[in-house]
Amino acid sequence: MPVSGLDPYDDQNIFAKILRGAIPNRTVYEDEFVLAFHDIAPQAEVHVLVIPKGAYVSLVDFAAKASEVEIAGFWRAVGRIAGDLGLEQSGYRILANHGTDAGQEVPHFHVHLFGGGPLGRMIQT
Ligand code: AMP
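Take our numbering: the last position of the sequence shown gets the number 140, and nothing is skipped along the way.
Rendered as structure tokens:
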């Protein structure tokens, strides 16, 4: 069921379980601020999810509550991962879903990083 924009953080969400080590993941990168891992149902040749280690439902929640250090650490990691995956020259796309209209499934803020080939139109309805 898509996440409503106003839902509180649910610590039983699948990414919270991944962060606790209760569910395995294919880790691409980890530091004190983020965990990045391959999406279980990839929609591009490269499809990596980058999640903050803190408990944030959405970008609005993250922007309001995370410290400057966490925010800087998160976005620095997203850029670093795109570079480390060799996508800087060929190109990539980042995307974050929030709420019902965007079809967000997992209520822990995350950025999708897509690449590895042509990505088509930005939005398909
Ligand atoms: P969103 O719709 O933006 O909330 O995206 C959630 C993403 O999480 C989807 O692309 C799912 O394929 C992915 N996903 C769900 N469960 C797992 C899992 N256990 N490991 C990796 N990716 C997952």
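Glycine is no exception: its CB is placed at the ideal position from the N, C-alpha and C atoms. Please read these numbers as outputs of a predicted model, since none were measured by experiment.
Checklist entry - Which residue or residues does DSSP assign as beta-bridge partners of Gly88? => result Gly88 is not bridged to any residue.
Checklist entry - Helix or strand or just coil, what does DSSP make of Val93? => result helix
Next on the checklist: Please report the distance separating the alpha-carbon of Glu45 from that of Ala51.
Outcome noted: In a straight line, the C-alpha of Glu45 is about 6 Å away from that of Ala51.
Item to check | Start and end residues, alpha helix (DSSP H) containing Thr3 | outcome: Residue numbering for the chain in the displayed model covers 16 to 140; residue 3 lies beyond these limits and cannot be assessed.
Next on the checklist: Between the alpha carbons of Ile109 and Ala59, how many angstroms are there, rounded?
Outcome noted: 12 Å
Checklist entry - Can you list every residue whose CB sits closer than 5 Å to some heavy atom of ligand 1, going in chain order? => result Ile29, Asp54, Ile55, Ala56, Asn112, Gln119, Glu120 and Val121
Item to check | Given Arg41 as reference, the closest of Phe30, Ile33 and His53 once Cα atoms are compared | outcome: His53
Next on the checklist: Assuming contact is defined by CB atoms lying nearer than 8 Å, are His113 and Ser73 in contact in what I supplied?
Outcome noted: yes
Next on the checklist: Taking the straight line between their C-alpha atoms, what separation do you get for Ile33 and Pro39?
Outcome noted: 6 Å
Checklist entry - If you follow the alpha helix (DSSP H) that Phe124 is part of, which residue opens it and which one closes it? => result Per DSSP, Phe124 belongs to no alpha helix (DSSP H) and is neither H nor E.
Next on the checklist: Using the three-state DSSP reduction, which class does Leu50 fall into: helix, strand or coil?
Outcome noted: strand
Checklist entry - In whole angstroms, what is the alpha-carbon distance linking Ser105 and Gly132? => result Computed Cα separation, rounded: 8 Å.
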